[in-house]
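Working notes for the structure below.
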Ligand SMILES: [Zn+2]
Ligand SMILES: [Zn+2]
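Numbering (this note's numbering), first residue to last: 16 to 382.
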């Protein structure tokens, strides 16, 4: 049974970063295994300031009917509480076995199936601006301040996109690019390099709610075409083309010559040359007879095949984003590797996609 949108209430959506002390408390709250989240979002219906926020801090692998919740208030001096709580027993349809409320037993406010995405919050954008100001001068701030700023600068724009209902309108490749951005602060340390990357990405994402903006950047269509062309190539040609993109090295030209000292041939050029040769039934261009060239060719084919396999394991929009990055100069190893890593990292925000998708946990994904 679905609830009409007009009957839905917005989710509170206040977010806190999970520092090390809170991570330890989340581990200590239950002996069961389960990923500790690096960021927790209040999942209750929007509520008065006096009421506590509550969000899932850790799922329990073998206890799908409960989770470790974080309860906190807006007073910066009070410590958040971590409690393993059973799920609310209410269901949207009392006769269905699924579709239960994603909140805990005796939670305040309406049940999960009556809740809409996170609410608009006038403070959110101010927090993003303040965080970017800190990240722009990483040497002037402590590691702790940088971690807090990276969290806010990466995750709050994602919340804002959902609050403005723009998120579902983004293409799968744009969503993948935003997911990659929010994965950046999920690691243990935010240094100047990472701070700079977050600052560089931020305007493209915050630009999405400027009037007339409907895409993160151009080029997704071209990346889709390159992916399709790669897919159509015979295996050995595809492995060689992708293998040659693994890092800047000697160039592959349309005639199959390798010219020392040149930068890597761009993906679109390498692809159309390979496509033409493969369609004409030509054999792969022979490498030079020296040991180094022979080894290079073997490595191209081996790595190229492996990279294709890893690329195809990503969700479609993530594949397009990886190809976009390769086409714009990233090595295939770096582009595909960092998308794969991001897919793993965002699980610590409760987002499980691709090989980590878990349909039975969908109701636990932040709205
Ligand atoms: Zn709240
Ligand atoms: Zn409920």
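The C-beta atom is built at its ideal place from N, Cα and C for all residues, glycine as well.
Note that the coordinates shown come from a computational prediction; the quantities given were computed from them, not determined experimentally.
Is residue i helix, strand or coil by DSSP?
i	result
residue 102	strand
residue 366	coil
residue 353	helix
residue 341	helix
residue 55	strand
residue 34	coil
residue 377	helix
residue 140	helix
residue 119	strand
residue 130	strand
residue 158	helix
residue 268	Here residue 268 scores only 45 on pLDDT, less than 50, and its place in the model should not be relied on; the value that follows carries that caveat. Here residue 268 sits in coil by DSSP.
residue 228	coil
residue 382	coil
residue 202	coil
residue 3	For residue 3 there is no data in the structure shown, the boundaries of the chain being 16 and 382.
residue 305	coil
residue 14	Outside the shown range of the chain, which is 16 to 382, sits residue 14, and nothing can be said about it.
residue 248	coil
residue 45	coil
residue 334	helix
residue 273	Unreliable positioning characterises residue 273 in this predicted model, as indicated by a pLDDT of 43, which lies under 50. The coordinate reading is nonetheless provided below. The answer is strand: DSSP assigns residue 273 an E or B state.
residue 237	helix
residue 310	helix
residue 329	coil
residue 258	helix
residue 253	helix
residue 50	coil
residue 287	helix
residue 210	helix
residue 190	helix
residue 371	helix
residue 280	coil
residue 169	helix
residue 195	helix
residue 324	helix
residue 292	helix
residue 66	coil
residue 40	helix
residue 184	helix
Tell me residue i's beta-bridge partners as DSSP assigns them.
i	result
residue 84	71 and 98
residue 60	26
Among the candidates the options, whose CA atom is the shortest distance from the CA of residue i?
i	options	result
residue 186	335, 197, 90 and 160	335
residue 205	161, 304 and 375	161
residue 50	199, 377, 374 and 362	362
residue 201	99, 25 and 33	33
residue 72	145, 35, 90 and 295	35
residue 213	42, 189 and 169	169
residue 282	305, 91, 244 and 227	244
residue 280	377, 164 and 261	261
residue 54	60, 102, 346 and 38	38
residue 131	116, 142 and 60	60
residue 317	176, 259, 355 and 207	259
residue 328	294, 287 and 370	370
residue 322	163, 250 and 177	250
residue 42	63, 209 and 75	75
residue 154	44, 284, 210 and 95	210
residue 176	199, 136, 90 and 288	136
Between residue i and residue j, how many whole angstroms is the CB-CB distance? I'm expecting something under 8 Å.
i	j	result
residue 344	residue 257	So it is not a contact: roughly 15 Å between Cβ atoms.
residue 86	residue 67	5 Å
residue 125	residue 24	5 Å
residue 338	residue 238	4 Å
Just the residues with CB closer than 6 Å to a heavy atom of ligand 1, in chain order, which are they?
27, 29, 57, 59, 62 and 68
Any residue with its C-beta under 7 Å from a non-hydrogen atom of ligand 2 counts. Can you list them all in chain order?
103, 105, 116, 118, 122, 126 and 127
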